[in-house]
Amino acid sequence: MEVGRLAARFREILGDAGVITDRQQLRTYECDGLAVYKTTPAIVVLPETAEQVAGVVRVCADEGIPYVARGSGTGLSGGALPRADGVLVVTSRMRRILEVDIPNQRAVVEPGVFNLAVTKAAEPDGYYYAPDPSSQQICSIGGNVAENSGGAHCLKYGFTVNHVLGLEVVTPDGELVQIGGKAADHPGYDLLGAFIGSEGTLGIATKVTVRLSRAPEEVRTLLAAFDSTDDAGTAVSAIIATGVMPAAIEMMDALAIEAAEAAVHCNYPEGAGAVLVVELDGPAVDVAHQFAAVERHCRDAGAFEIRIAQDAEERTLIWKGRKSAFAAVGRISPAYIVQDGVIPRTALPDVLRSIDRLARESGIRVANVFHAGDGNLHPLVLFDDAEQGAEERAEEVSGAILDLCIEHGGSITGEHGVGMDKSKFMSRMFTDDDLDTMQMLRCAFDPRGLCNPGKVFPTPRLCGEAPGVHKGAHPLQEAGLAEMF
């Protein structure tokens with residue numbers, strides 16, 4: 188790739204300020220939130236409009252150059268890892284909230300808009316945006332779409348896919364197309380569902396139409412402290428079994444609590460082996476009734492202390508420890524791997540005991556923070572990267588945790604995506620036929636394999652990951668399905 192010539196073509200589209208080729212500046216973008224994988228891109232471009240994104244992609248398509256889209260860079264699976272021989276398309280300058288349509292409960296935003304900014308824009312009218320990743324103060328909507336991000340309240344409200352109704356997308360050949368819109372449902376194939384969670388392999392979202400939710404009449408939050416994760420897990424099972432649907436049930440173990448205390452001084456109960464953060468919302472009468480049941484189940488399961496937030500300030504303090512947990516671990520460990528897997532709720536005690544055994548046998552500490560209500564685990568595997576062999580042992584433990592999830596009927600990812608980090612585990616969950624079928628869809632959008640190549644799939648498949656590689660007729664053409672797209 189001739190960097191100078193390609194950069195000149197991009198400057199015609201973006202101006203000098205929109206193109207980065209300086210080696211030191213490029214290193215700013217060498218990884219996302221998972222710093223285990225690092226690659227310095229050949230060129231970084233910073234478009235400000237959808238038309239500029241389309242222009243950049245057309246140049247890449249014309250030159251046969253691979254490219255990767257990146258938002259705020261808070262992803263935790265290496266999904267926005269650049270290519271050394273490619274272009275990194277950074278959407279962080281596309282931060283306009285284009286419309287807040289309260290009568291229709293919709294908002295239209297650009298991909299670089301921070302998640303929490305959508306709620307702040309709708310808040311004065313009594314609305315909010317429900318998906319709330321822990322990084323919501325800095326993670327961008329475009330990245331949320333790519334990864335189908337969830338958050339603490341996904342138990343009741345679902346993931347990004349449940350709240351996005353329309354997308355403007357730049358396809359891998361540089362065309363601007365609209366998928367969905369403001370309507371609740373659209374005829375035809377569910378291309379919206381296919382695109383959300385595709386991890387940037389099908390195109391780049393340039394506008395996102397989201398659903399706004401009415402702020403609940405009542406919100407109540409409690410913090411329950413237990414001697415062990417087993418006791419806390421018993422409380423979770425009891426709450427869900429009664430038919431109560433909390434907005435959130437979050438669990439942290441002792442090591443995660445230690446990290447949060449060191450970082451944000453959240454003042455969780457001393458000596459707790461685990462804490463639950465339980466939040467209910469909805470009509471005041473319903474919340475009052477359900478809250479009493481939740482409190483009872485926590486006490487029956489052995490909670491030795493229960494704190495109930497009396498106002499918004501106390502609620503924020505309770506959530507502060509949980510929301511800061513990932514970053515807080517840096518206070519007690521020089522380096523760590525954030526893992527993400529899903530198991531049935533009933534398997535929580537067995538899996539947590541197995542994780543503890545893995546940690547003790549390997550000498551690698553593991554802090555557990557997770558969405559207990561839907562079994563979405565976020566083990567934080569701690570290690571000292573200055574110690575020889577520590578990173579390799581941490582990666583082994585991390586992989587073994589994912590194997591545990593699969594063995595118990597779960598999944599290798601709940602909301603962080605596959606990216607680079609988990610691609611090697613895809614074949615443990617899916618057969619070759621499964622993976623080939625998934626790749627057929629990807630090839631229908633991007634037959635040349637230029638759009639975020641090398642992610643999600645363990646090996647090049649069907650139409651190939653390498654630019655320009657395409658062997659024979661497209662599988663969808665052979666199946667007579669190419670006209671779908």
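Just add 187 to wherever you are in the sequence shown, counting from 1, and you've got the numbering used here.
Idealized CB from N, CA, C, for every residue including glycine.
If you draw a straight line from the C-alpha of residue i to the C-alpha of residue j, how long is it?
i: VAL553; j: ASP360; result: 44 Å
i: GLN365; j: ILE493; result: 49 Å
i: ALA471; j: ILE588; result: 40 Å
i: GLU310; j: ASP209; result: 41 Å
i: GLU482; j: VAL296; result: 39 Å
i: ASN349; j: VAL556; result: 24 Å
i: GLY260; j: GLY299; result: 11 Å
i: GLY330; j: ALA412; result: 34 Å
i: THR673; j: TYR455; result: Only positions 188 to 672 of the chain appear in the structure, and residue 673 is not among them; the question remains open.
i: HIS603; j: ILE200; result: 33 Å
i: ALA425; j: HIS484; result: 6 Å
i: HIS452; j: GLY508; result: 8 Å
i: ASP487; j: ASP418; result: 9 Å
i: PRO374; j: GLN211; result: 48 Å
i: MET616; j: GLN239; result: 39 Å
i: ASP619; j: LEU539; result: 31 Å
i: THR600; j: PRO645; result: 15 Å
i: LEU363; j: LYS510; result: 36 Å
i: PRO531; j: SER614; result: 21 Å
i: GLN324; j: ILE383; result: 21 Å
i: CYS592; j: VAL529; result: 6 Å
Considering only residues of the same chain and omitting the five flanking positions on each side of residue i, which have a CB-CB separation below 8 Å?
i: ALA573; result: PRO521
i: ARG580; result: SER549, GLY550, ILE551, PHE570
i: ALA449; result: ALA515, ARG518, ILE519
i: VAL206; result: ALA194, PHE197, ARG198, ILE230, VAL231, VAL232, LEU233
i: ALA381; result: LEU389, LEU628
i: LEU342; result: MET432, PRO433, ALA434, ALA435, ILE436, HIS558, GLY560, ASP561
i: LEU352; result: ARG293, GLY367, GLY368, LYS369, ALA370, ALA371, LEU379, THR396, VAL397, ARG398
Decide if residue i is buried, meaning its Cβ has at least 16 other Cβ atoms within 10 Å, or exposed.
i: VAL190; result: exposed
i: ASP288; result: exposed
i: LEU409; result: buried
i: LYS642; result: buried
i: GLY273; result: buried
i: LEU285; result: exposed
i: HIS565; result: buried
i: GLU334; result: buried
i: ARG192; result: exposed
i: PRO290; result: exposed
Less than 6 Å between C-beta atoms, sequence neighbours within five positions excluded: which residues of the same chain meet that for residue i?
i: ALA559; result: VAL423, ILE436, MET438
i: LEU268; result: TYR224, THR226, MET607
Excluding sequence positions up to five away, which residues of its chain have a Cβ less than 7 Å from the Cβ of residue i?
i: GLY182; result: With the chain covering only 188 through 672, there is no way to say anything about residue 182.
i: GLY220; result: GLY260, THR261, GLY262, LEU263
i: ARG677; result: Nothing in the structure corresponds to residue 677, since the chain is present only between 188 and 672.
The alpha helix (DSSP H) with residue i in it runs from where to where?
i: LYS507; result: 499 to 510
i: TYR344; result: 341 to 344
i: ILE328; result: 328 to 334
i: LEU628; result: 619 to 632
For residue i, report the span of its beta strand (DSSP E) as first-last.
i: GLY367; result: 363 to 367
i: VAL605; result: Unbroken run through VAL605: none, as it is neither H nor E.
i: ASP468; result: 461 to 469
Name the DSSP beta bridge partners of residue i, please?
i: PRO566; result: ASN555
i: ASP288; result: ARG293
i: MET281; result: None, per the DSSP bridge assignment.
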